[in-house]
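Residue numbers (my numbering): 89 to 173.
Glycine included, C-beta positions come from ideal geometry on N, C-alpha and C.
Given the structure is predicted, the values throughout are model-derived calculations rather than measurements.
These notes concern the structure reproduced below.
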Amino acid sequence: MKNKFKFFKIPGISFLAGIIFVLVGLKGEQLAVIYSKPLNSTSWTTSGSLINAFIYIPIIIGTILLILSIGTFLLSYNKLQKNAL
């Protein structure tokens, strides 16, 4: 049984990483504001391009990882089924 879980380690890790990246991307505006604030300042502006970068780049990476996890899961499942026969 433990040997069967070995096949699904990479799909599981890439799935969890994809979910984390998508969640970070959904909080991108708040993260951009936090990272762009200068020290000891009371007023500042965050550019729209920085906000877009903090939103879209993690979501794109997360989506790619989710698609990768589906593909590797299908390959692992196919290999497991062939070994069972």
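Decide if Gly201 is buried, meaning its Cβ has at least 16 other Cβ atoms within 10 Å, or exposed.
-> Only positions 89 to 173 of the chain appear in this structure, which leaves residue 201 out of reach.
From this set, Lys97, Phe95, Ile143, Ala105, which residue's C-alpha is nearest Glu117's C-alpha?
-> Restricting attention to Lys97, Phe95, Ile143, Ala105, the CA atom closest to the CA of Glu117 is found in Ile143.
Under 8 angstroms, do Gly100 and Leu154 count as touching if we go by C-beta distance?
-> No, these two residues do not count as a Cβ contact at 8 angstroms.
Out of curiosity, what's the CA-to-CA distance linking Ile139 and Ile147?
-> 13 angstroms
Work out the CA separation of Gly159 and Leu104 for me, nearest whole Å.
-> Between Leu104 and Gly159, the C-alpha separation is close to 14 angstroms.
Return the CA-CA distance between Ile149 and Ser164, expressed in angstroms with no decimal places.
-> 22 angstroms
If we call anything under 8 angstroms between Cβ atoms a contact, is Thr133 one with Ala120?
-> no
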